[in-house]
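Okay, structure first, notes after.
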Amino acid sequence: MASSSSVTSSMLSDPKSRSAFEQLLITLSKRFINLPIEAIDDDIVEALSQVGDYTGVDRCFVYLLNEADGEWAHLTHEWVAEGVTPHKQGMQPLHVGPLRWLMDQLSAGLIVHVANRDKLPDEAESLRVLYEALQIRSALLLPLMTRGKFVGALGLSCTTVSKIWSEENVSLLRIVGEIVMNAIDRHRSYSKLQASREQYRSVVQDLTNYIVRWKPDGTPLFVNSALCRFWQMSEEEFLAKNIFEHFPPDEASQIRQKISILTIDNPFNTQEHHMQLSDGTVGWHEWSDRGLFDSEGNLVEIQSIGRDITQQKRAREELEYRQQLENLILMLTLRFINLPPDRLEHEITDALREVSEFVGGERTYIYVMNEETDAADLSYQWVADDAVPTPSSLLRLPLDEHLWAVESFKQGQPVVINHLDDLPKEAENLRQMLKEIRSVSLITVPVLLHSRLYATFSITGANDNNPWNKDTIYLLRLIGEVFVNAMERKAAEEALANSEERLRSTIDAVADGFYDWNITTGEVYVSDNWLENRGLLAGANIWTLEDWQAFIHPEDRLRVVELLDTHLQGRTTAFECEYRVRMPGDKFRWTLDRGRVIERDGQSKPLRMVGVDRDITDQLADRERLQQADARLAHLSRVAMMGEIVAGIAHEVNQPLHAAATFASAVNTAISNRDPDCMDRVAEMVQKISKQINRAADIIRRMREFVRPRPVRMAKFDLNELIRESAEMPGFGSHCKNIRLSFDLDESLSPVIGDRIQVQQVIVNLLRNAFDACHMAAEKCSHSPVVIVRTLPFEERILMQVVDNGCGLTTDTEIEPLFNAFQTNKEEGMGMGLALCRSIVASHHGKIWGELNSDHGMTFSVLLPSDSERERG
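If you count by the numbering used here, then the sequence shown holds residues 1 to 873, one letter each, in order.
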């Protein structure tokens, strides 16, 4: 028996209460049938509320296990009585690992009835502590199962009452759990279906062709937005309807027959058939079907790609009806069938001439609606030789100036003017336009595409002796549709060509070697080409991560794994790495590996990664030869530069040598005088002599280092220090003594990554150019010449600028040619300095550019990679 604070749940045992609760179950079952997905969560909470009211509990809730690992549970739905604190916000998520006793019971399909938390067994101590913290006195937990698997629990709890449940009560509540679980299952299935649809949609949603994937029984699985727009249906509406319901019965029977003959050996079929449109009319589509078969050869799905050919079909029918126009229409129609896109403009212009001459017009033109500008653009025209040329004012017509005609066009109604007097008052703009081109009559037929105004097809006449008739309207309307279909087909073919080009690029990449890594299982699928790139036989397509790593050169393996881990952690958008792979015979070749994680779970844990690799051994060899050639060219440039500043070298070296000689003479004098106190002075003089000789040796060492041929050495160095050292090189003072050199250097910069000598060559070139410009300006201008060297951080890189106020260029267009080889504005320049600078900076993955200053001179900027950028990358 229950204690004095216990309550036996007999409410549902009462016949009336039980009947009412059974009626509630029926109501809930009906409610969740065909319930919109977006309403399921709210209706589950409402159902919990009604169950809670009937049973008299304080809280009614649903916990669902994490599908990935089952170690965490989420409180997905909750109802609480008035005055009871909800747990949904504070209990997310709940770690169920410690609740092993409870989980064992529920996973075995057993109902857990906790009449009093204090009487729980010792092995349920974790559950008792949890209930005590949550102020739960008693609870009933029913396992939620789907396909025999435990996925969560439906719970009812009381805060102050020890509640005892009868088996009859529990059996009714188990039905509630099944109803709730069915709704949750449906919601989950829909979510997975939506995810699958998104994968398809990302590939095909933007295509103009129609795409649908369906089962042999007519059940649609996927449809793209183009087909939905054609049917004027939402995606949900289309997927809710059987494919065969879109066709007349005889057509549906023919489609079934054609699908039935698809085989593994002959899985393709192209056909034309009727399509029942949303307005009840019948149109035509051309569809290419591809059958998808299971391992036993059974047809399981059909993927169909189609295009609307309704307009072409109707055009052919109308051609048969209008016998007097048959020859012209047939000729023009055939001309535009399979017309190459580059011939479209010529053929439309020629056809406009033929149509205009046939009906007696002097000019024919097509305006295409431009929704962005709310205007009509003149896209094609033909004008007779003796007619007035089309003025520029007619190349674009604002639609708001011709609203009276636009409304008729949108309704598919033509505008026929046999004389200017026929024009209404609101058409004054059109009257003036016709007078300007000396036309007195006009016929304009709208061309609609997918029920919207796409273009207008017009003919004007210079006289009113030949009034426009129904045959002219028919001809223009039909030919206009042919033209528009050709224009639309051209746009579709261009889009398809672009898509095919992108697909071809992808296939080319995949052809080099493709892999698909299931990170959860560790299984890696590799393509046959991936195997062939490593000298292995095709067919062994399933690998492990360890297998892949074993083929990496031992010296590269740690670097590759570190870059891969960085990408898996989400710190980079893609994985890209060059490394060596082992080939048969213990030979190694270089490969470029590019990959990306394409699927992560809710905690951003990577689940799946795909990628391609390419053999770049020959490419790297070419790159090395090119770098060697660039290095030789840079060396020759430095040698040539030293020849130009040799006078400065003599001057700079002579200064310390002269000083050393002076100090040596002073020492000699002191010793000759036999002065007993002279030794301190002699020691001081000897130190000065040593310092000056070291200074001269330093200058010569820097010159030798600057011009000595050497391989490229990428390392960290202090850019500010290199700038100061470069500025001290001989040659900058010989003819520029009146030029002030100023430094604005950020001393907090990170080290630069690059070849120190090559970067110094860039600095020296830019300084020489700046000094030369200032020297030329000193002869022509009154302002004081100044050269400023500046460094600062810029977008995680380091920016160096050399600014002068000398004789710069006059326009921005003159800057870019300076970076071309043999291009210079100096009388004695070779034109190689800036070209070499750009080559060196590009090899450092940097950027160099020039800009005109607002007052005098120019600023040359160099952007270089920094050590901090490499660490973050």
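Think of the CB as a built atom: it goes at the ideal place given N, C-alpha and C, for glycine as much as any other residue.
The residue from Ile-259, Leu-749 and His-845 with its alpha-carbon nearest to that of Pro-793 is Leu-749.
The three-state secondary structure of Gln-303, taken from DSSP, is strand. Fully contained in the segment 335-397 are the following alpha helix (DSSP H) runs of length 4 or more, in chain order: 344-359. Met-609 has Trp-517 and Val-597 as its beta-bridge partners, per DSSP. With a 10 Å radius around the Cβ and a threshold of 16 neighbouring Cβ atoms, Tyr-63 comes out buried. DSSP places Met-103 inside the alpha helix (DSSP H), whose first and last residues are 100-107.
Beta-bridge annotation (DSSP): Cys-837 is not paired with any residue. Here the C-alpha atom of Glu-725 lies approximately 35 Å from the C-alpha atom of Arg-559. Per DSSP, reduced to three states, the secondary structure at Thr-146 is strand.
The distance from the Cβ of Gly-857 to that of Gly-806 is about 5 Å, consistent with a contact at the 8 Å cut-off.
Unbroken beta strand (DSSP E) runs of no fewer than 3 residues, entirely contained in the segment 253-298, are found at 268-276 and 282-293, following chain order. Nearest Cα to Asp-289 within the set Glu-296, Gly-297 and Ser-304: Ser-304. Under the three-state reduction of DSSP output, Arg-557 falls in the helix class. A straight line joining the alpha-carbon of Ser-157 with that of Ile-26 spans about 24 Å. Excluding sequence positions up to five before and after Leu-453, its CB lies within less than 7 Å of the CB of Met-369, Phe-409, Lys-410 and Pro-446, all in the same chain and listed in chain order. Taking a cut-off of 8 Å for Cβ pairs, the segment 264-276 and the segment 234-254 touch, as three or more such pairs fall below it.
The segment 427-439 makes contact with the segment 390-409: 3 or more CB pairs, one atom from each, lie closer than 8 Å. Taken atom to atom, the span from the alpha-carbon of Leu-852 to that of Phe-819 is near 15 Å. By the neighbour-count criterion, in which a residue is buried when 16 or more other Cβ atoms sit within 10 angstroms of its Cβ, Glu-494 is exposed. Gly-155 is bridged by DSSP to Phe-61 and Leu-141.
Residue pairing for Gln-801: DSSP places it in a beta bridge opposite Arg-790 and Ser-861. His-246 sits in a helix when the DSSP states are folded into three classes.
By the neighbour-count criterion, in which a residue is buried when 16 or more other Cβ atoms sit within 10 angstroms of its Cβ, His-285 is buried. Counting other Cβ atoms within 10 Å of its Cβ, Met-331 stays below 16 and is therefore classed as exposed.
In the three-state DSSP reduction, Ser-854 falls in the coil class, being neither helix nor strand.
At a cut-off of 4 residues, the continuous stretches assigned as alpha helix (DSSP H) that sit fully inside the segment 390-449 are 403-410 and 428-436.
Of all C-beta pairs linking the segment 77-89 to the segment 112-132, fewer than three are shorter than 8 Å, placing the two stretches out of contact. About 16 Å separates the beta carbon of Leu-722 from that of Arg-797, a gap too long to meet the 8 Å contact definition.
Between the alpha carbons of Thr-811 and Gly-570 lies a gap of roughly 46 Å. Out of Asp-69, Leu-110, Gly-83 and His-77, the CA that lies nearest to the CA of His-95 is found in Asp-69.
Taking C-beta separations shorter than 7 Å and ignoring five residues to either side along the sequence, the partners of Ala-252 in its chain run Phe-244, following chain order. From the listed residues Trp-517, Leu-221, Thr-373 and Ala-351, the smallest Cα separation to Leu-475 is found for Ala-351. Rounded to the nearest angstrom, the Cβ distance from Ala-115 to Lys-163 is 7 Å, consistent with a contact under 8 Å.
Counting only the Cα atoms, Asn-498 lies some 32 Å from Ile-329. In the three-state scheme derived from DSSP, where H, G and I count as helix and E and B as strand, Arg-213 is classed as strand. Per DSSP, Gly-535 lies in no alpha helix (DSSP H) segment and is marked neither H nor E.
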